[in-house]
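Peer 1: In the numbering used here, the protein residues as written are 180 to 661.
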């Protein structure tokens, strides 16, 4: 039995060998070479088929989404694209740098495989059709072409589905809403370091008598950002949740837009939790700053009134007051757990305003009580002429009012010098300055038990040869001290 099987195998082998040997030498080499080439084609086609079965890659999805967005922005172009054949669509997308399986050509993977199969087919066509090697190779070519056709159709369908999935025509505001949501998240994220900076300033509180200028560390614009973020954060989160629900169908069908939507917004819960945790310590520092500066202003008012320093109210006191006003104006209106209320800062602002008004009134009463009309000590030859000019100005400005007295206490104050001045960039000129000033006091009655000293200034400019007579200031005084 075993011997009979061996004989049968030998006969079959000899039969196949005879057929193989029937191929001419050149044809046999060509078939052998194309058989090897066919193996490479099948490997590449297998890889390509696997890629198509896996569906469009994230990079392809992003390109298709971008392409679809471009079409949505141009309705006329979209209509032309939708009306085109798959081959025309593929060609247009290829021009945009998006490779698809529809159509054929040297720049197309399928077209390149088809060209190589044509080379294999040319070798087959030049060989005996009934030879076993040729028959087998022909079957592989036919199978490969069928696979290419099926794979190409599958990829075309995938591309069409991906374009449809990334079509925003039913969600025309998605891009705008996404940008707004990302800006909301970005605002919260950028506010967190500001809250930390404010909270850390607790360690920089100065001594009780020194003003605390927190705005030197955190600007008004940054405080305004903190205020807006804390006031609006809940609204931001609610709006993003609404959009989250609104765009579920889109996000489910488009991995590209889903990835873009959640790239930053997935961190919103953590951002909100961090914002809530960091808000209270920072807001406590804002209240502490206002309380500290309220004490500073109180001591500055006492200092200014005791030393008759009216200008102090327009200097240091005004500066610290602005700091308190800034903290109150830019404090969040939202109730924050563990943080002071906005009313606490508003109360401090009102108390400071009342204290400054009271201090000014007390200082004014003191200054008025101490004010005296100056003596008429100037004995220059132009004294009468200067007084006439002062009286003429006052009578024009306050017609019908009585003039009780006119006095010039002091001599002319003269300035005479030269200085280099840059009139335009690069052009310097020597400018001469030569003038003199004098002041004339005009005493007039006021309301109640008060009088008023109106100080008139006269400036004579010797360079321009012009004279200026103007009212400089008004000084109230008690009528009993005339």
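Ideal placement from N, C-alpha and C gives every residue a C-beta, glycine not left out. Just so we're clear, the structure is a prediction, and the values are computed from it rather than from any experiment.
Going by beta-carbon coordinates alone, are residue 468 and residue 499 separated by less than 7 Å?
Peer 2: Result no, Cβ atoms of residue 468 and residue 499 do not sit closer than 7 Å.
Peer 1: Quick one, which of 503, 568, 213, 596 has its alpha-carbon nearest residue 638's?
Peer 2: Of 503, 568, 213, 596, the residue nearest in Cα terms is 568.
Peer 1: Would you mind reading off the limits of the alpha helix (DSSP H) that contains residue 257?
Peer 2: Where residue 257 is concerned, the enclosing alpha helix (DSSP H) stretches over 254 to 262.
Peer 1: Could you check the C-alpha separation between residue 464 and residue 505 for me, to the nearest Å?
Peer 2: Between residue 464 and residue 505, the C-alpha separation is close to 14 Å.
Peer 1: Along the chain, which unbroken stretches of the alpha helix (DSSP H) at least 4 residues long are found entirely within the region 484 to 529?
Peer 2: Correct list: 490 to 493, 495 to 508.
Peer 1: Would you check if the distance between the CB atom of residue 618 and the CB atom of residue 634 is smaller than 7 Å?
Peer 2: A contact, by the Cβ cut-off of 7 Å.
Peer 1: The alpha helix (DSSP H) that contains residue 630, what's its start and end?
Peer 2: Note, residue 630: premise wrong, no alpha helix (DSSP H); beta strand (DSSP E) at 629 to 640.
Peer 1: How would you call residue 345, buried or exposed, if buried means at least 16 neighbouring beta carbons within 10 angstroms?
Peer 2: When all chains shown are included, residue 345 counts as buried.
Peer 1: Should the region 240 to 259 be regarded as contacting the region 327 to 334, the criterion being three or more beta carbon pairs within less than 8 Å?
Peer 2: The answer is no - the region 327 to 334 does not touch the region 240 to 259, with fewer than three Cβ pairs under 8 Å.
Peer 1: Can a CB atom of chain D be found closer than 7 Å to the CB of residue 210?
Peer 2: This model lacks chain D altogether, as it is built from one protein chain only.
Peer 1: Please determine, among 605, 466, 563, the residue with the shortest C-alpha to C-alpha distance to residue 526.
Peer 2: Minimum Cα distance to residue 526 is reached at 466.
Peer 1: Look at the alpha carbon of residue 420 and the alpha carbon of residue 515, and state the distance between them as a whole number of angstroms.
Peer 2: Cα to Cα, residue 420 sits roughly 22 Å from residue 515.
Peer 1: Drop a sphere of 10 angstroms on the beta-carbon of residue 225, count the other beta-carbons inside from all chains shown, and report buried for 16 or more, exposed for fewer.
Peer 2: Under this definition residue 225 is an exposed residue.
Peer 1: Using alpha carbons as the reference points, say which of 364, 501, 539, 536 lies closest to residue 524.
Peer 2: Among 364, 501, 539, 536, the Cα nearest to that of residue 524 is on 501.
Peer 1: Using only the alpha-carbon positions, how far apart do residue 304 and residue 206 sit?
Peer 2: The alpha-carbon atoms of residue 304 and residue 206 are separated by roughly 10 Å.
Peer 1: Smallest Cα separation from residue 354: which of 544, 248, 363?
Peer 2: When each option's Cα is compared against that of residue 354, the closest is 248.
Peer 1: How many whole angstroms separate the CB atoms of residue 614 and residue 587, which I take to be in contact at a CB cut-off of 8 Å?
Peer 2: The Cβ separation is near 18 Å, so there is no contact.
Peer 1: Could you tell me the boundaries of the beta strand (DSSP E) in which residue 584 lies?
Peer 2: Here the beta strand (DSSP E) through residue 584 covers 584 to 586.
Peer 1: Can you say whether residue 285 is buried or exposed, counting buried as having 16 or more other CB atoms within 10 angstroms of its CB?
Peer 2: Confidence at residue 285 is low in this model, with a pLDDT of 36, below 50, so the placement of that residue should be treated as unreliable; the coordinate-derived value is given next. Burial call: exposed.
Peer 1: What would DSSP say about residue 366, mapped onto helix, strand or coil?
Peer 2: In the structure shown, residue 366 sits in a helix (DSSP, three-state: H, G or I).
Peer 1: Should residue 748 and residue 436 be called a contact, given that it needs their Cβ atoms to be closer than 7 Å?
Peer 2: Here the chain comprises residues numbered 180 to 661, so residue 748 is not present and cannot be evaluated.
Peer 1: Taking the C-alpha atoms as reference points, what is the distance between residue 648 and residue 480?
Peer 2: Going from the Cα of residue 648 to the Cα of residue 480 covers about 36 Å.
Peer 1: For residue 656, which residues does DSSP report across the bridge?
Peer 2: Answer is 630, bridged to residue 656.
Peer 1: According to DSSP, which residues form a beta bridge with residue 648?
Peer 2: Paired residues: 637.
Peer 1: Can you give me the start and stop residues for the beta strand (DSSP E) that residue 675 sits inside?
Peer 2: No answer is possible for residue 675: it lies beyond the span of the chain, which begins at 180 and ends at 661.
Peer 1: Could you say if the region 397 to 409 and the region 294 to 309 meet the contact criterion of at least three C-beta pairs nearer than 8 Å?
Peer 2: The answer is no - the region 294 to 309 does not touch the region 397 to 409, with fewer than three Cβ pairs under 8 Å.
Peer 1: Buried or exposed: which applies to residue 220, given that a residue is buried once 16 or more other Cβ atoms fall within 10 Å of its Cβ?
Peer 2: With 16 or more other Cβ atoms within 10 Å, it is buried.
Peer 1: State the start and end residues of the unbroken beta strand (DSSP E) segment that holds residue 551.
Peer 2: Premise fails: residue 551 is in no beta strand (DSSP E) and is neither H nor E.
Peer 1: Measuring straight from C-alpha to C-alpha, what distance separates residue 652 and residue 475?
Peer 2: In a straight line, the C-alpha of residue 652 is about 30 Å away from that of residue 475.
Peer 1: Which residues in the same chain as residue 640 place their Cβ atom closer than 7 Å to its Cβ, once the five residues preceding and following it in sequence are excluded?
Peer 2: So the qualifying residues of the chain are 614.
Peer 1: Taking DSSP as the reference, what is the three-state secondary structure of residue 600?
Peer 2: Looking at residue 600 - three-state DSSP - the assignment turns out to be strand.
Peer 1: Is residue 171 near residue 356, with beta carbons less than 7 Å apart?
Peer 2: No answer is possible for residue 171: it lies beyond the span of the chain, which begins at 180 and ends at 661.
Peer 1: Report yes if the C-beta of residue 646 is less than 6 Å from at least one heavy atom of the ligand MN; otherwise report no.
Peer 2: Only the bare structure without any ligand can be found here, which leaves the ligand MN out of the picture.
Peer 1: Ignore the nearest five residues each way along the sequence and tell me which others in residue 656's own chain have a CB closer than 8 Å to its CB.
Peer 2: Cβ within range, chain order: 547, 550, 551, 552, 629, 630, 631, 632.
Peer 1: Pick from 244, 418, 532: whose alpha carbon is nearest that of residue 438?
Peer 2: Of the listed residues, the one whose Cα sits closest to residue 438 is 244.
Peer 1: Taking the alpha-carbon positions, what's the residue 322 to residue 299 distance?
Peer 2: Answer to the nearest angstrom: the Cα atoms are 13 Å apart.
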